[in-house]
């Protein structure tokens, strides 16, 4: 057993299976999530993205969505969420259930029965003729393809996704979280069964309980469930992206009104590094707040773009700076952004800029406790990145970070990519 940050509890219950719990009386519900972490691979990305959506549709005890919905309604409106996401070189397949705590029910147990339901969905799915829930597969395939298509309508998100794919093209992190549409369309119910059995066997499992209730009966339940599972784990550690000596320049065209520009950098500092707080501050000074260098100079003073911000990936140690810009201002924007990065690396930032950046980051850590989802997300990121500290410890580290620490972190940034999503043939319509 190890304590990450009170009231955070963590215990290994089987090979490659950890149970984590965050108990707080401010919550009135209990959220229970099972996260299955596996290496992101082109061959399995689409199947893994489909699996949680199909599994959530029913189990042997409640074999169709009508019976399952009735069960949830009778559990005081409990609800299920399912999906897949990408973190560094890994894909995380998640199924969650949220319900009110027992103390708010009319003398009924809710917490443990909903945990049992979640176990049934994951470990007792409807498999007939070596096919997994075939009646729901086509609908979920269409839904996942629609989700990929919808990304095209959000040009900023699409540009960031493409920039990351190009920046990490030689790493698993460059693979789309949902795979490709063509692969989704080809997935069959029998393919899903094979991938499901493999996923249960090899995944690094993190069970997370967030709420106000007693989580020990749930812990006992999962201890029992995983005592019957034969497992053979795979390595799920993300590797920092290695920089290259040359800067890649990629331009793509699409029907849009405003060009999207993304500059990609390596930073060589990841989640387990003692230098991460300094890098967070450096990136916040550069482009993390309305008082940042990019916002105040590139956007406000020079009026070169509609937005301009920087974000840092703690898994791959990369930074992306993105902005929306008119085609005639593209070169000026690149020059101006590069100049702001150089000024940061030369130490041309004030104590007030540091203060604003630290305050913004501390406020972000404080807001973690506002919802069970944000608490779960924070601690899962900490665990997967090899960092055992909680929000309070992270806030304290920000206060002890010096100007020299920030400068040294910033000097690790090395530009690797200029990505431009422009109007077709330079048109703006």
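Residue numbers (the numbering used here): 427 to 855. Glycine included, each C-beta is placed from N, C-alpha and C at the ideal position.
The shortest CA-to-CA distance from residue 545 to any of 764, 659, 681 and 646 is the one to 646. Ranked by how close their Cα comes to the Cα of residue 616, the residues 593, 559 and 660 have 559 in first place.
Under DSSP, residue 676 takes part in a beta bridge, and its partners are 845. Between the alpha carbons of residue 467 and residue 713 lies a distance of about 32 Å. Short of 6 Å from the beta carbon of residue 719, and not among the five residues preceding or following it, lie these beta carbons of its own chain, in chain order: 712 and 766.
The beta strand (DSSP E) runs of length 3 or more contained entirely in the segment 719-786 are, from start to end of the chain, 733-739 and 744-751. The straight-line gap separating the alpha-carbon atoms of residue 808 and residue 463 is approximately 14 Å.
Residue 605 is not a Cβ neighbour of residue 508, given a cutoff of 8 Å. In the three-state reduction of the DSSP assignment, residue 827 falls in the coil class. Given a length threshold of 4 residues, each whole run of the alpha helix (DSSP H) inside the segment 457-506 is given here in chain order: 471-481 and 491-500. If you look at residue 633, you'll find it in the beta strand (DSSP E) that goes 630-637. Taking the CA atoms as reference points, residue 660 sits about 17 Å from residue 512. With a contact defined as Cβ atoms closer than 8 Å, residue 689 and residue 756 miss out at about 12 Å.
Comparing alpha-carbon positions, the option among 847, 842, 481 and 529 lying closest to residue 693 turns out to be 842. At a cut-off of 3 residues, the continuous stretches assigned as beta strand (DSSP E) that sit fully inside the segment 496-570 are 505-513 and 516-526. Counting other Cβ atoms within 10 Å of its Cβ, residue 635 reaches 16 or more and is therefore classed as buried. At a Cβ-Cβ threshold of 8 Å, residue 744 and residue 791 do not count as neighbours. DSSP places residue 660 outside both helix and strand once states are collapsed to three, so it counts as coil. Annotation: residue 583 to residue 759 spans about 19 Å, alpha carbon to alpha carbon.
Only buried fits residue 479, as 16 or more other CB atoms lie within 10 angstroms of its CB. Taking a contact as a CB-CB distance under 8 Å, the pair residue 446 and residue 805 counts as one, their CB atoms being some 6 Å apart.
DSSP links residue 604 through a beta bridge to no other residue. Within the same chain, Cβ atoms closer than 6 Å to the Cβ of residue 435 are found at 447, the five residues on either side in sequence being excluded. Residue 716 is classed as exposed because its beta carbon has fewer than 16 other beta carbons within 10 Å across all chains shown. Check the Cα spacing between residue 588 and each of 708, 677 and 440: the tightest is with 677. Leaving aside the five residues that flank residue 773 on each side, the residues in its chain whose CB is nearer than 6 Å to its CB run, in chain order, 833. Beta-bridge annotation (DSSP): residue 438 is paired with 444. If you ignore the 5 residues before and after residue 440, its C-beta comes within less than 6 Å of the C-beta of 652, all in its own chain and listed in chain order.
For the options 702, 552 and 783, the alpha carbon positioned closest to that of residue 490 is the one of 552.
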